[in-house]
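These notes concern the structure reproduced below.
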Amino acid sequence: MTTLAAVAVTTATFLGMEFVAWFMHRFVLHGPLWFLHRSHHVRHPHTFERNDFFFLFYGSLSMLLIIYGSESKDFRYWMGIGIATYGTLYFFVHDVLIHGRMRFWRKSRNAYLRALNMAHKVHHKATGREGSEEFGLLWVSPKYFMLALRKPAPTRVLRQRPGSVSKV
Numbered sequence: 322m323t324t325l326a327a328v329a330v331t332t333a334t335f336l337g338m339e340f341v342a343w344f345m346h347r348f349v350l351h352g353p354l355w356f357l358h359r360s361h362h363v364r365h366p367h368t369f370e371r372n373d374f375f376f377l378f379y380g381s382l383s384m385l386l387i388i389y390g391s392e393s394k395d396f397r398y399w400m401g402i403g404i405a406t407y408g409t410l411y412f413f414v415h416d417v418l419i420h421g422r423m424r425f426w427r428k429s430r431n432a433y434l435r436a437l438n439m440a441h442k443v444h445h446k447a448t449g450r451e452g453s454e455e456f457g458l459l460w461v462s463p464k465y466f467m468l469a470l471r472k473p474a475p476t477r478v479l480r481q482r483p484g485s486v487s488k489v
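When you line the sequence shown up against the working numbering, it's residues 322 to 489, in that order.
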């Protein structure tokens, strides 16, 4: 497979995963698999939630495609790379930035990332399987993007460490 074809397959898979994620979230997670996804819509004291099992499905699919396509680096390999790339971005945007499950990336001054956060917060206003909107990860409705552009970005406050002396 040529480099251009590999890049095309990886990119198409990555972009296609946004539709797959939207479709699965809208019709499967808020449908027959609500019993697993519900844990993501309610507050709980646990580090992990039942909803986290979904990464096993996509991670396993990606891993199998990479393994079975690795010998010849055929389309399966590059599809697996596209799914893994989307999953990695999903983890950092959804779990780290939006939900703060790891405390190293809390806020962003970027309007697009703030719009993603706003749209996701609107999605979580509904605690039941009905009434949610905004099911994708990377695509943001224009109304949230416009809102993020109008709303001022958070300011950064640099805190001085206790006991340190500032030099002027």
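By construction, the Cβ of each residue, glycine as well, lies at the ideal position given by its N, Cα and C atoms.
Helix or strand or just coil, what does DSSP make of residue i?
| i | result |
| --- | --- |
| GLU455 | coil |
| LEU410 | helix |
| LEU354 | coil |
| VAL349 | helix |
| VAL417 | helix |
What number of angstroms, rounded off, separates the C-alpha of residue i from the C-alpha of residue j?
| i | j | result |
| --- | --- | --- |
| GLY449 | GLU392 | 45 Å |
| VAL461 | MET467 | 10 Å |
| HIS361 | HIS351 | 11 Å |
| HIS286 | ALA405 | Residue numbering for the chain in the displayed model covers 322 to 489; residue 286 lies beyond these limits and cannot be assessed. |
| VAL490 | THR334 | Beyond the ends of the chain as shown, which are 322 and 489, falls residue 490; an answer cannot be given. |
| PHE375 | THR368 | 15 Å |
| LEU354 | PHE348 | 9 Å |
| MET345 | GLU339 | 10 Å |
Given residue i, which residues of its chain have a CB within under 8 Å of its CB, disregarding the five upstream and five downstream residues?
| i | result |
| --- | --- |
| ALA397 | Checking the sequence shown, residue 397 turns out to be Arg, not Ala. The residues are LEU386, ILE387, TYR389, GLY390. |
| VAL489 | No answer about VAL489 holds up, because its pLDDT of 48 lies below 50 and its placement is not dependable. |
Residue i lies in the alpha helix (DSSP H); which residues open and close that run?
| i | result |
| --- | --- |
| SER462 | Per DSSP, SER462 belongs to no alpha helix (DSSP H) and is neither H nor E. |
| THR332 | 324-344 |
| SER393 | No alpha helix (DSSP H) contains SER393, which DSSP labels as neither H nor E. |
| LYS442 | 432-444 |
Note down, in chain order, each residue of its chain lying with its Cβ closer than 7 Å to the Cβ of residue i, except the 5 sequence neighbours on either side.
| i | result |
| --- | --- |
| ASN372 | LEU357, HIS358, SER360, HIS361 |
Once you ignore the five residues that flank residue i on each side, which residues in its own chain have a CB closer than 6 Å to its CB?
| i | result |
| --- | --- |
| TRP343 | PHE456, GLY457 |
Every unbroken alpha helix (DSSP H) inside the stretch 369-394 [4 residues or more]: Listed in chain order, they are 375-390.
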